[in-house]
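Enquirer:
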Amino acid sequence: MALSLDAQHKVHVAGSACSKRNSAYEAVNYNGHANLDTIMNHKDHRWRRQIWDKAFSTKSLEAYELYAREVVYEWLEKLESLQGQPINTSLYSALIPFDNMGRMGFSVNFGSIKAGKENPMLHYLEVTLGTLAKLGMIWWPIALLQAFGSSNDHINFQKLACQMVDKRREVATDEHEDIMKYFLQDYNSKEPKAMHHMDVIYSDAQAVMTGGTDTIAAVLSFAFYYMARDSTVRDKLRSELEPLFGRTVSGEFTNLDLGEAEAPYLNAVINETMRVDNPTCANGPRMTPPEGLEIDGVFIPGETLLFVPIYSMHTSAKYFKQPNSFIPERWTTRPDLVIDKRAYHPFLLGPYSCVGRRLAIIVLRFTIAYTVWNYDFKFAPGEDGTSIHRDMINQAILKAGPLQCVFNKRA
1 MALSLDAQHK
11 VHVAGSACSK
21 RNSAYEAVNY
31 NGHANLDTIM
41 NHKDHRWRRQ
51 IWDKAFSTKS
61 LEAYELYARE
71 VVYEWLEKLE
81 SLQGQPINTS
91 LYSALIPFDN
101 MGRMGFSVNF
111 GSIKAGKENP
121 MLHYLEVTLG
131 TLAKLGMIWW
141 PIALLQAFGS
151 SNDHINFQKL
161 ACQMVDKRRE
171 VATDEHEDIM
181 KYFLQDYNSK
191 EPKAMHHMDV
201 IYSDAQAVMT
211 GGTDTIAAVL
221 SFAFYYMARD
231 STVRDKLRSE
241 LEPLFGRTVS
251 GEFTNLDLGE
261 AEAPYLNAVI
271 NETMRVDNPT
281 CANGPRMTPP
291 EGLEIDGVFI
301 PGETLLFVPI
311 YSMHTSAKYF
321 KQPNSFIPER
331 WTTRPDLVID
341 KRAYHPFLLG
351 PYSCVGRRLA
361 IIVLRFTIAY
371 TVWNYDFKFA
381 PGEDGTSIHR
391 DMINQAILKA
401 GPLQCVFNKR
411 A
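The numbers in full-length UniProt numbering rise by one with no breaks, and the one at position 52 of the sequence shown is 52.
Written out as structure tokens, the structure reads:
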């Protein structure tokens, strides 16, 4: 494990000689086809990333913004129906991005918010991630399981992902604005750049589900915790949101309204949540090149697996004052609390950085803004707020413990 800016730069930025070989990435594939996050060859990764980048272009994000608003309204309708009954915000923090992922990825409405419970696919996804986390550095059992038959939950997850892709193919490729549209466009072209086989799309479809759900769920879970714990945070958010509501579209917030310049405190709450409770925890390992690598004057032998953990960087006293305290103002009026901003990289760095980061921010902004604007909320009777951290699980991506809150509609 290396915890420094030098390590961060030499291991993750473009041009790094480090690779993803000999790690769990080797075993994450569908019928031998890696997804965007597990491609070993840098050239192949660049071609694949281009297709993904098209799916997250400014034009596409405009359509996804409408989907995000639809999902938020389903969340608000759910709160209305509960009439102030205690609810597990950590559960709904997973259902919200899951329903978003269905729309934005496949033009499917899962309806999990309305149902108020986990969709089976969400369960299969968590089991798959949990297996990776439990094995840690030992990746060969995964390959063995794939060779002799994976667990039922993992098989079911893959089957459902394939079924969703196949269902999307039943309609015209350009009929819906979603991520699959761009995957299928490349596949159906005369000379595909990256999607040369349907198994590649099936593999990337699983990455869409993983990246579009659990990471956002963790951030949203802890954001609700910090907001419910402290009424001052909610009050500051409402004061900031008041002149922004309906500014561009009558009776609505837009992503343009909620940008960093327009809503600095809202974005500071999101940034600080991602700093204190970053969902990627240790982050995936990298293998040093055969000739080895020098970091901070220390020689690391070749073929050595190395971690540069985001969570540890974000909570290091080397880079942040009061590192374990939630203080959104460090990103606005208290820059003195940030010793070196370069240590903050919630979406990773370099060519393997999160391709969907702008979409994730839209979902987080909308969910927080609409909820705070329409409801006041706090810990439910008997809830002391300790379980969300005490019972959280590192399953490759952080899963928050439960948190019971009550929501009351604002007049």
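Ideal Cβ positions, reconstructed from N, Cα and C, are used throughout, including at glycine.
(1) Could you pull out every residue in the same chain whose Cβ sits closer than 7 Å to the Cβ of Met274, ignoring the five residues on either side in sequence?
(2) Should the segment 73-83 be regarded as contacting the segment 33-43, the criterion being three or more beta carbon pairs within less than 8 Å?
(3) Are residue 416 and His12 close, meaning C-beta to C-beta below 8 Å?
(4) Can you give me the Cβ contacts of Ser221 inside the same chain, cut-off strictly under 6 Å, excluding the 5 residues immediately before and after it?
(5) Can you find the residues in the same chain that come closer than 7 Å, C-beta to C-beta, to Arg390, ignoring five residues on each side of it along the sequence?
(6) Excluding five sequence neighbours on each side, which residues of the same chain lie with their C-beta closer than 7 Å to the C-beta of Asp384?
(7) Tell me which residue opens and which closes the alpha helix (DSSP H) that Glu65 is part of.
(8) Go through its chain and collect everything with a Cβ distance to Val276's Cβ below 6 Å, but skip five positions before and after it.
(9) Could you check whether Arg286 and Lys43 sit closer than 8 Å to each other, using their CB atoms as the reference points?
(10) Contact between the segment 202-217 and the segment 351-370: three or more CB pairs below 8 Å?
(11) Can you tell me whether Asp376 is helix, strand or coil according to DSSP?
(12) How many angstroms separate the CA atom of Thr232 from the CA atom of Tyr265?
(13) Assign Gln50 to buried or exposed, taking buried as 16 or more other Cβ atoms, counted over all protein chains shown, within 10 Å of its Cβ.
(14) To the nearest angstrom, how far is it from the Cα of Tyr187 to the Cα of Lys193?
(15) How about Ala63 and Pro351: do their beta carbons lie closer than 8 Å?
(16) Thinking C-alpha only, which one of Asn109, Lys236 and Met195 is nearest His176?
(17) In this structure, how does DSSP classify Arg334 when only helix, strand and coil are distinguished?
(18) Given Ser4, which residues of its chain have a CB within under 6 Å of its CB, disregarding the five upstream and five downstream residues?
(19) Out of Ser387, Ser312, Arg410 and Ala360, which one is the CA nearest neighbour of Gly105?
(20) Ordered along the chain, which non-local residues of its own chain (more than five positions away) have a Cβ less than 8 Å from that of Asn408?
(21) At the level of alpha carbons, what is the spacing between Asp166 and Leu403?
(22) Give the single residue among Val249, Val200 and Ile270 whose Cα lies nearest to the Cα of Arg234.
(23) Considering only residues of the same chain and omitting the five flanking positions on each side of Met227, which have a CB-CB separation below 6 Å?
(24) Just tell me which of Ser189, Tyr25, Lys190 and Phe183 has its CA closest to the CA of Ile201.
(25) Buried or exposed for His197, going by 16 or more other Cβ atoms inside 10 Å?
(26) Ordered along the chain, which non-local residues of its own chain (more than five positions away) have a Cβ less than 8 Å from that of Ala7?
(27) Looking at Tyr311 and Asn278, is the spacing between their C-beta atoms short of 8 Å?
(28) Return the first residue and the last residue of the alpha helix (DSSP H) that Val200 is part of.
(29) For Lys159, which option in Thr333, Thr280, Ala55 and Thr128 has the closest C-alpha, if you only look at C-alpha atoms?
(30) If you count every other CB in all the chains shown that lies within 10 Å of the CB of Asp257, and 16 or more means buried, which is it?
(31) Under 6 Å Cβ to Cβ from Ala343, same chain only, skipping five residues before and after it: list those, please.
(32) Taking 7 Å as the cut-off, does the CB of Asn109 come closer than this to any heavy atom belonging to the ligand GTP?
(33) Compute the beta-carbon to beta-carbon distance between Ser112 and Leu95, rounded to the nearest angstrom, for a pair I have assumed lies under 8 Å.
(34) What residue range is occupied by the uninterrupted beta strand (DSSP E) comprising Gln395?
(35) Check whether the Cβ atoms of Ile216 and Pro97 sit closer than 8 Å, and answer yes or no.
(36) Going straight from the alpha carbon of His154 to that of Leu125, what length do you get?
Expert: Walking through what the data contain:
(1) Looking up residue 274 in the sequence shown gives position 274. Taken in chain order, the residues that qualify are Val219 and Pro346.
(2) no
(3) What the structure shows of the chain is the stretch from 1 to 411, and residue 416 is not part of that stretch, so it cannot be assessed.
(4) Reading the sequence shown from its first residue, position 221 is the one you call residue 221. Result list for Ser221: Ser90, Ser93 and Ala400, in chain order.
(5) In the sequence shown, residue 390 corresponds to position 390, counting from 1. Gly401, listed in sequence order.
(6) Position 384 of the sequence shown holds residue 384. Answer for Asp384: no residue qualifies.
(7) Here residue 65 refers to the residue found at position 65 when the sequence shown is read from its first residue. First-last of the alpha helix (DSSP H) with Glu65: Thr58 to Leu82.
(8) In the sequence shown, residue 276 corresponds to position 276, counting from 1. Contacts found: Phe326.
(9) Reading the sequence shown from its first residue, position 43 is the one you call residue 43. Reading the sequence shown from its first residue, position 286 is the one you call residue 286. Not in contact: Lys43 and Arg286 (Cβ atoms no closer than 8 Å).
(10) yes
(11) The count along the sequence shown starts at 1 and reaches residue 376 at position 376. Strand.
(12) Position 232 of the sequence shown, counted from the first residue, corresponds to residue 232. Position 265 of the sequence shown, counted from the first residue, corresponds to residue 265. In a straight line, the C-alpha of Thr232 is about 12 Å away from that of Tyr265.
(13) Counting from 1 along the sequence shown, the entry for residue 50 is found at position 50. Under this definition Gln50 is an exposed residue.
(14) Against the sequence shown, residue 187 aligns to sequence position 187. Against the sequence shown, residue 193 aligns to sequence position 193. Rounded to the nearest angstrom, the two C-alpha atoms are 8 Å apart.
(15) As a working mapping, residue 63 is identified with position 63 in the sequence shown. As a working mapping, residue 351 is identified with position 351 in the sequence shown. Going by C-beta atoms, Ala63 is not nearer than 8 Å to Pro351.
(16) Along the sequence shown, read from residue 1 onward, the residue named residue 176 stands at position 176. Among Asn109, Lys236 and Met195, the Cα nearest to that of His176 is on Asn109.
(17) Here residue 334 refers to the residue found at position 334 when the sequence shown is read from its first residue. Coil, per DSSP.
(18) Working through the sequence shown from its first residue, we reach residue 4 at position 4. Once the five neighbours on either side are set aside, the close Cβ partners of Ser4 are Asp296.
(19) Mapped onto the sequence shown, residue 105 falls at position 105. Nearest C-alpha to Gly105: Ala360.
(20) On the sequence shown, position 408 is the one that residue 408 refers to. Excluding residues within five positions, the ones whose Cβ falls inside 8 Å are Gly84, Tyr375, Asp376 and Phe377.
(21) Numbered from 1 along the sequence shown, position 166 holds the residue referred to as residue 166. Numbered from 1 along the sequence shown, position 403 holds the residue referred to as residue 403. Going from the Cα of Asp166 to the Cα of Leu403 covers about 37 Å.
(22) Taking the sequence shown and counting its residues from 1, the one referred to as residue 234 is at position 234. Residue Ile270 is the option with its Cα nearest to Arg234.
(23) Sequence index remark: in the sequence shown, residue 227 carries index 227 (1-based). Counting only Cβ-Cβ distances below 6 Å, and skipping sequence neighbours, we find Val233 and Arg234.
(24) Here residue 201 refers to the residue found at position 201 when the sequence shown is read from its first residue. Among Ser189, Tyr25, Lys190 and Phe183, the Cα nearest to that of Ile201 belongs to Phe183.
(25) Reading the sequence shown from its first residue, position 197 is the one you call residue 197. Per the 10 Å Cβ criterion, exposed.
(26) Position 7 of the sequence shown, counting from 1, holds the residue named residue 7. Result list for Ala7: Ile295, Asp296, Leu306 and Val308, in chain order.
(27) Working through the sequence shown from its first residue, we reach residue 278 at position 278. Working through the sequence shown from its first residue, we reach residue 311 at position 311. Yes, they are a contact pair.
(28) Translated into positions along the sequence shown, residue 200 becomes position 200. That run of the alpha helix (DSSP H) goes Met198 to Gly211.
(29) To locate residue 159, count along the sequence shown from 1; it is residue 159. Cα-wise, what sits closest to Lys159 is Thr128.
(30) Along the sequence shown, one-based indexing puts residue 257 at 257. That one is buried.
(31) Residue numbering aside, residue 343 sits at position 343 when the sequence shown is read from its first letter. So the qualifying residues of the chain are Met313 and Tyr319.
(32) Judged by which ligands are present, the structure shown has none, so any question about the ligand GTP falls away.
(33) As a first step, residue 112 is located in the sequence shown; it is residue number 112 there, counting from the start. As a first step, residue 95 is located in the sequence shown; it is residue number 95 there, counting from the start. About 4 Å; that satisfies the 8 Å criterion.
(34) Position 395 of the sequence shown, counted from the first residue, corresponds to residue 395. That run of the beta strand (DSSP E) goes Ile393 to Gln395.
(35) The residue labelled residue 216 in the question sits at position 216 within the sequence shown. The residue labelled residue 97 in the question sits at position 97 within the sequence shown. Contact flag set, yes.
(36) Taking the sequence shown and counting its residues from 1, the one referred to as residue 154 is at position 154. Taking the sequence shown and counting its residues from 1, the one referred to as residue 125 is at position 125. If I take the Cα positions, the gap works out to 8 Å.
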